[in-house]
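Asks:
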Amino acid sequence: MKVAVIGTGYVGLVTGVVLSDLGNNVICVDNNPEKVKLLQQGKPPIFEAGLEEMLTRVLRHQSLQISDSIRWATQNSEIIFITVGTPPGPDGAPDLSAVIAVAEEIGKSIQHHVIVVNKSTVPVGSGDIVEKTIARQGVSSDLFDVVSNPEFLREGSAIQDTLNPDRIVIGARRRGAADKLLELYSTLESEVILTDLNSAELIKYGSNSFLAMKISFINALSRLCEECGANIGDVSRGMGLDKRIGRQFLHAGLGWGGSCFPKDVLGLIKISETFGYDFNLLKEVVTVNDTQTTHFLSRIEKRLGGFAGKRVALMGLAFKPDTDDIRDAKSLVLIDRLVAGGAIVVAYDPMAADHVSRLFPQVEYVSDVYSLANGADALIVVTEWNEFRQLDLARIKESMAQPILFDGRRLYSRSVAEQAGFEYFAVGG
Ligand code: NAD
1 MKVAVIGTGY VGLVTGVVLS DLGNNVICVD NNPEKVKLLQ QGKPPIFEAG
51 LEEMLTRVLR HQSLQISDSI RWATQNSEII FITVGTPPGP DGAPDLSAVI
101 AVAEEIGKSI QHHVIVVNKS TVPVGSGDIV EKTIARQGVS SDLFDVVSNP
151 EFLREGSAIQ DTLNPDRIVI GARRRGAADK LLELYSTLES EVILTDLNSA
201 ELIKYGSNSF LAMKISFINA LSRLCEECGA NIGDVSRGMG LDKRIGRQFL
251 HAGLGWGGSC FPKDVLGLIK ISETFGYDFN LLKEVVTVND TQTTHFLSRI
301 EKRLGGFAGK RVALMGLAFK PDTDDIRDAK SLVLIDRLVA GGAIVVAYDP
351 MAADHVSRLF PQVEYVSDVY SLANGADALI VVTEWNEFRQ LDLARIKESM
401 AQPILFDGRR LYSRSVAEQA GFEYFAVGG
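Here the numbering used here is used: the first residue of the sequence shown is 1, the next is one more, and so on.
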């Protein structure tokens, strides 16, 4: 099928590359000239496992084309995905300006029937907004359909998630439009939910907010564990083995970050307000998350007797492992507070150091984890990269001025860390 994808970020690029690898003719469009240039050379502007190889392959096979023209893409496709960003606006409500700008441009360019698929995460009612925006450009309603098809991929496993989704959600007014999308996805094995536009849009916010709530719940319990001497690792395992609860998203840590949870939880609070419902439960989910890192920082500050002049080493900077994304990463909060308190901060991350160095040039970035802690007064685990799991902790301990390990992700067991000679502090005791 002939497909266009507008916006080549984490979602758009992966969607475009995977769909072209599955045999469709895809045009990926972006309005960022640097991204377009890089992509035309086969270089993904983001890190995602397997993406570069797949991009090179589909460019070589000419099943993927990269362009800066929405007009050209619209005129040469049957299905157009909108995958631009929807960051929070000043009041926390999702900013739809990029989605609307793209819909306008599509509307101005339509010459034959197209299905416009909103894959960006957008508030309830956005399908109507996109529909009206296209109609305002003078396009007759029989020349286009608007469909909601929220995306659930996870950065770090985006290609695998796109190929093996838990479910495909399609919200449409006309069955014919939904069927066309089903045909596009027919090679993927997945449960399908066919529903209306509003429900499809809400499924995305409900899913992300529920996952964020699970993490905030276990983090709130971790605070209680610290006070009462219980072990959050055991508590979480004991709870998670109950099939009704499940073990995923039940790992205590520094809290959730990234480009989705923070904005989608805030987004759902705002959407609810619009419809007259005060979603207090979610407000508390945000509060627990916001205070989780600052609470851990207070424990570190107390143990070190203040940050001034202390050399503090950070293991990991990305908001989670296997990605270079630092949007709303907890590392940024930590660095901000440590630097403000007068600490000398040194950091290592396998993928994300370049991005953070643009925001915090005063931090010292090292290129291997074993030199990270040289002369440090404290080592903080910020991101649970796999390469940190099997380190020679005794060797790292030897290189430090004070062997104190603050484990923000509960990556190590207390016994292993203490055996290596560390004084060990973890989220949740
Ligand atoms: P992103 O910021 O990485 O990418 C957005 C892209 O759109 C950028 O390359 C930008 O240059 C481009 N763009 C913006 N305006 C444009 C325009 N007018 N014309 C053409 N291109 C334009 O965003 P993302 O992380 O890929 O997220 C996209 C959407 O998908 C968001 O709504 C997000 O909430 C949702 N989502 C993201 C994830 C994720 O893990 N990142 C997962 C599921 C859903």
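Note that CB positions come from ideal geometry on N, CA and C, so glycine has one too.
#1: Report yes if the C-beta of Ala200 is less than 6 Å from at least one heavy atom of the ligand NAD; otherwise report no.
#2: Straight-line CA distance for Ser236 to Ile380?
#3: Here's a check: name, in chain order, each residue in its chain whose Cβ is nearer than 7 Å to the Cβ of Ile70, leaving out the five neighbours to either side.
#4: What first and last residue would you give for the beta strand (DSSP E) that runs through Val345?
#5: Using only CA atoms, which one of Asp278, Glu364 and Thr8 lies nearest to Gly85?
#6: In the DSSP assignment, find the unbroken alpha helix (DSSP H) run with Lys35 in it and report its ends.
#7: Just checking, does the stretch 389-408 make contact with the stretch 340-358 on the three C-beta pairs under 8 Å criterion?
#8: Residues bridged to Pro94 by DSSP?
#9: Using 7 Å as the threshold, is the C-beta distance between Lys180 and Glu151 below it?
#10: I'd like to know whether the C-beta atoms of Ala220 and Val146 end up nearer to each other than 7 Å.
#11: Select from Asp166, Gly253 and Glu191 the residue whose C-alpha is nearest the C-alpha of Asn231.
#12: What do you get for Arg327, buried or exposed, if any count of 16 or more other CB atoms within 10 angstroms of its CB means buried?
#13: For Ser259, is the beta carbon positioned less than 6 Å from some heavy atom of the ligand GTP?
#14: Could you give the DSSP three-state label for Gln65: helix, strand or coil?
#15: Applying the criterion that 16 or more other CB atoms from any shown protein chain within 10 Å of the CB defines a buried residue, is Cys228 buried or exposed?
#16: In whole angstroms, what separates the C-alpha of Gln160 from that of Phe319?
#17: Name the two residues that bound the continuous alpha helix (DSSP H) containing Lys180.
#18: DSSP three-state call for Met351: helix, strand or coil?
#19: Using only CA atoms, which one of Val11, Pro44 and Ile203 lies nearest to Ala158?
#20: State the start and end residues of the unbroken beta strand (DSSP E) segment that holds Asp30.
#21: Indicate whether Ile193 and Trp256 have their beta-carbon atoms separated by less than 7 Å.
#22: Relative to the C-alpha of Val369, which candidate in Val356, Ile396 and Asp234 has its C-alpha closest?
Replies: For this structure:
#1: Incorrect: Ala200 has no Cβ contact closer than 6 Å to the ligand NAD.
#2: For Ser236 and Ile380, the distance between alpha carbons rounds to 22 Å.
#3: Within the same chain, Ile6, Val29, Val102, Glu105, Ile106 and Ser109 come within 7 Å of Ile70 by CB-CB distance, once the 5 residues on both sides are set aside.
#4: From DSSP, the beta strand (DSSP E) with Val345 extends over Ile344 to Tyr348.
#5: Gly85 has its Cα closest to that of Thr8, out of Asp278, Glu364 and Thr8.
#6: Looking at the DSSP string, the run of the alpha helix (DSSP H) that includes Lys35 is Pro33 to Gln40.
#7: Contact between the stretch 389-408 and the stretch 340-358 is absent, because fewer than three Cβ pairs lie under 8 Å.
#8: Pro94 is bridged to Pro88.
#9: In this structure, Glu151 does not lie closer than 7 Å to Lys180 by Cβ.
#10: Against a cut-off of 7 Å, the Cβ pair of Val146 and Ala220 comes out as no contact.
#11: Restricting attention to Asp166, Gly253 and Glu191, the CA atom closest to the CA of Asn231 is found in Gly253.
#12: Around the beta carbon of Arg327, 16 or more other beta carbons sit within 10 angstroms, so the residue counts as buried.
#13: The ligand GTP is not among the ligands present in this structure, which contains only the ligand NAD.
#14: Gln65: strand per DSSP, three-state reduction.
#15: Exposed, since its Cβ has fewer than 16 Cβ neighbours within 10 Å.
#16: Spanning the two alpha carbons is a distance of roughly 20 Å.
#17: Here the alpha helix (DSSP H) through Lys180 covers Arg175 to Leu184.
#18: Residue state, collapsed to three classes: coil.
#19: Nearest C-alpha to Ala158: Val11.
#20: From DSSP, Asp30 is part of no beta strand (DSSP E); its letter is neither H nor E.
#21: Result no, Cβ atoms of Ile193 and Trp256 do not sit closer than 7 Å.
#22: Closest option to Val369, Cα to Cα, is Ile396.
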